Amino acid sequence: MNPYAIVRTGGKQYRVAEGDVVTVDKLEAEAGQEVTLEQVLFAKNGEKSLTGQPSINGASVTAQVIRQLRAPKIIVYKERQKKVYKKTQGHRQSLTELRIKSISLPQ
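In the numbering used here, the protein residues as written are 11 to 117.
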């Protein structure tokens, strides 16, 4: 079984394994740069599994930034009944695409 880990970044949790491509909330890094995700909540390597309280000390996931991108636009429309109040707003979330290079666990 391939080792995998559950990491937290941007307030969300992602299940990652080596070689995976993951889209996360924007990280301040350029394309081609390596980033280290140190909030590893759970990791499994074969029969050995580690659970953090809340994260595993000494564990990290190394990833390479593929590109910075933006999600499709979401339209938000608000209207008050029986009033002349209408509001339309758009939002595009900035995202970062990562390729997971390695998962390192403490001994």
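Every residue gets a Cβ at the ideal spot worked out from N, C-alpha and C, and that includes glycine.
It should be emphasised that the depicted structure is a prediction, and the values quoted were computed from it without experimental measurement.
The three-state reading of DSSP puts G100 in strand, counting E and B together.
For A81, the number of other beta carbons within 10 angstroms of its own is below 16, and it is reported as exposed. According to the DSSP assignment, E89 belongs to the beta strand (DSSP E) that extends over 84 to 89.
Within the same chain, and ignoring the five residues on either side of G20 in sequence, the residues whose Cβ sits closer than 6 Å to its Cβ are V34, D35.
Going by C-alpha positions, A27 is about 22 Å away from E40. Secondary structure of I113 (DSSP, three-state): strand. Listed in chain order, the non-local C-beta contacts of Q103 below 6 Å within the same chain comprise A81, local neighbours out to five positions each way being set aside. Between T46 and F52, the C-beta spacing is not below 8 Å. In the DSSP assignment, Q74 is bridged to E44, R109. When DSSP states are grouped into helix, strand and coil, Y95 belongs to the coil group.
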